[in-house]
Amino acid sequence: MGKVPIRLREVVYTLSPFEQTVMNGVFKDVPEKLHRKFSEVRQRQTYIKPLVMAMRLLRLDFLQNWVDVGVFFLAPVAATFAYANNFLEKEKMHHRH
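Just so it is clear: in the sequence shown, position 73 is 71 by the working numbering, and no numbers are missing.
Structure, rendered in structure tokens:
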């Protein structure tokens, strides 16, 4: 079979330099958004602070390192390993039928 040339078309979308309302929504109500974010952080700190104080009183500071290791290293590695095994099993079952 011979090769048939295919004509490609390119579509380019651009914005007019005179369009001024494109970035308008980004800076809308900036003080309100900042206030909301800071109040959320402050609320989270008020919930976490008693737990941190209790851990310090009980000398459980070393547990935080193990929690970090578990959350940021062991959990993603285990999830990736489980996903890979599940994918291989599905592939085996797919080829059996």
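In this text, a Cβ means the ideal position worked out from N, Cα and C, and glycines have one as well. Nothing here was measured: the structure is a model prediction, and the numbers come from that model.
Asked                                                                     : Found
Between the CA atoms of Ile4 and Asp66 - distance to the nearest angstrom : 54 angstroms
Extent of the continuous alpha helix (DSSP H) to which Pro74 belongs      : Ala73 to Arg94
Span separating the alpha-carbon of Leu55 from that of Val39              : 24 angstroms
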